[in-house]
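Following my numbering, the numbering of the sequence shown begins with 485 at its first residue and continues without gaps.
Below: one structure, written as structure tokens.
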Amino acid sequence: MQGNAPSVSVTVLNYNYARFLANCLDSILQQSFRDFEVIVINDRSTDNSLEVIAPYLSDPRVRLINHEQNKGFVASLIEGMQESRGTYLSVISADDWVVSPYAFARQVEALEQNPRVVMAFSAYGLYADEQTLSFVSRAAERSYVHDGKGVFADFLLKGYPQHSGTMIRKSAYEALGGYDQTLRWSLDAQMWLGLCLIGDIAYIDEMLYAYRRHPSSMSKDPTALRNAIYELFRIFDWTFSLMPEEERRQKQWLYRKARQRALISFAADAVFSGNMRLGWQFYRVGLQVSPWETILQKGSVAIALRALLGAKLYDKLFRRTQPAVAEQATVSV
């Protein structure tokens, strides 16, 4: 792709998602904001992804990077960032899509109105398919631009934005040194928390993106979940080490809460989604990693009560709504 650099670079990561690709690419190309490039990375798919992609290459904004060998999610993600020429960077998984035709416009506006904003994210919908919306995840009751250090605690205690659709300033991405290529499961958590420490965060309280929710391969691999939790602990250690010593001491409570949440968030998400068997499987992993940190927290009580009482009685007694997806959203499988 030649010519002037676009304002926005969107990396579309694809591995065997031919059945979803057209919906994803159409939703991007139908944006009201037009100054963007699309970098489609096909990671050696074995389905008919290349056939689906081919017609879109007639649009000069779209280019294809076709891997001759499968490189995996992490390498593909970092490659997309390295290939991006835009001032603002975004990544969308090929199985997700953009709900609003004004999504890019809303995010670019937030980034350009305040040069201190390093990241713009939005509410998003959790979908089983293109027509079935199961839940809308909202980070706040209204849109905001906040100092990142305040949002830092929200991300740790309430959950991170989804990977697909979050838009970041390229200069901030580079200031952090990019994604940590040694991470496997939680690159997003590392990037979002790091960005919180160097600038402002903009949240748009509109459902701009759709996240397709399907069973994680980790549900069949407790070792992967255990490694993901340890990886989150490493990210917490890194981000808190960036704080001045006095601030770090004052926020030891937050550090402890973040660890506790990482230990049970996968289990809580499964239990409150109605999958008790998977929830207890995930809970056992938390016990294996750190038994007392897992048991001695309010979240464990909530999980046990939800399992024992059932959804209707629990919700009636505690007026509890479905919790937002937290660390599970950061896992790349």
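From the three backbone atoms N, C-alpha and C, an ideal C-beta is built for every residue, glycine too.
All values reported here derive from a predicted model rather than from experimental measurement.
From residue i to residue j, what distance separates their C-alpha atoms?
| i | j | result |
| --- | --- | --- |
| Arg545 | Arg590 | 20 Å |
| Asn526 | Leu677 | 28 Å |
| Thr495 | Asp613 | 22 Å |
| Glu729 | Tyr739 | 14 Å |
| Leu595 | Lys642 | 23 Å |
| Gln674 | Leu667 | 9 Å |
| Ala791 | Met760 | 7 Å |
| Phe484 | Ala795 | The question about residue 484 has no answer, for the chain in this structure spans 485 to 817. |
| Phe636 | Glu690 | 21 Å |
| Gln781 | Leu679 | 28 Å |
| Tyr628 | Glu552 | 43 Å |
| Ser701 | Trp776 | Here the model assigns Ser701 a pLDDT of 48, short of 50, so the residue's position is not dependable and the matter cannot be decided. |
| Asp753 | Gly783 | 11 Å |
| Leu548 | Asp531 | 16 Å |
| Glu731 | Ala659 | 22 Å |
| Glu715 | Gly763 | 20 Å |
| Phe639 | Leu671 | 14 Å |
| Tyr540 | Ala506 | 9 Å |
| Lys800 | Ala751 | 21 Å |
| Arg733 | Phe720 | 14 Å |
| Leu712 | Gln744 | Sequence check: residue 712 is Ala here, not Leu. Roughly 14 Å separates the two Cα atoms. |
| Val773 | Leu747 | 8 Å |
| Pro599 | Tyr644 | 22 Å |
| Ser511 | Ser560 | 21 Å |
| Ala538 | Arg626 | 40 Å |
| Gly758 | Ser542 | 45 Å |
| Glu593 | Arg768 | 45 Å |
| Ala788 | Gln765 | 13 Å |
Can you tell me where the alpha helix (DSSP H) with residue i in it begins and where it stops?
| i | result |
| --- | --- |
| Ser784 | Lys782 to Leu793 |
| Ser655 | Lys654 to Ala659 |
| Ser618 | Counting along the chain, Ser618 falls outside any alpha helix (DSSP H), though it belongs to the beta strand (DSSP E) covering Leu617 to Ser621. |
| Tyr739 | Gln736 to Phe756 |
| Met830 | Here the chain comprises residues numbered 485 to 817, so residue 830 is not present and cannot be evaluated. |
| Met727 | Careful: Met727 lies outside any alpha helix (DSSP H) and carries neither H nor E. |
| Gln514 | Neither: Gln514 is in no alpha helix (DSSP H) and is coded neither H nor E. |
| Trp669 | Segment: none, Trp669 is in no alpha helix (DSSP H) and carries neither H nor E. |
In this structure, what does DSSP give as the bridge partners for residue i?
| i | result |
| --- | --- |
| Tyr695 | Leu610 |
| Asn498 | Asn526 |
| Tyr628 | Tyr687 |
| Val536 | Per DSSP, none; premise fails for Val536. |
| Met651 | Ser574 and Ala604 |
| Ser493 | Glu521 and Leu573 |
Please state whether the Cβ-Cβ distance between residue i and residue j is less than 7 Å.
| i | j | result |
| --- | --- | --- |
| Gly657 | Leu573 | Contrary to the premise, residue 657 reads as Tyr rather than Gly in this sequence. Taking 7 Å as the Cβ cut-off, Tyr657 and Leu573 qualify as a contacting pair. |
| Phe588 | Thr650 | no |
| Ser533 | Asn498 | yes |
| Ala623 | Tyr687 | yes |
| Ile685 | Met603 | yes |
| Ser493 | Asp580 | no |
| Tyr608 | Ser516 | no |
| Gly570 | Pro490 | yes |
| Phe520 | Ala578 | no |
What are the boundary residues of the beta strand (DSSP E) that residue i is part of?
| i | result |
| --- | --- |
| Asn526 | Phe520 to Asn526 |
Less than 6 Å separating the Cβ of residue i from some heavy atom of the ligand FMN?
| i | result |
| --- | --- |
| Ala742 | In the structure shown, the ligand FMN is absent, as is every other ligand, since no ligand is present at all. |
Inset, instruction - For the region 538-601, list the alpha helix (DSSP H) runs that are entirely contained and at least 4 residues long, ordered along the chain. - result: 556-567 and 587-597
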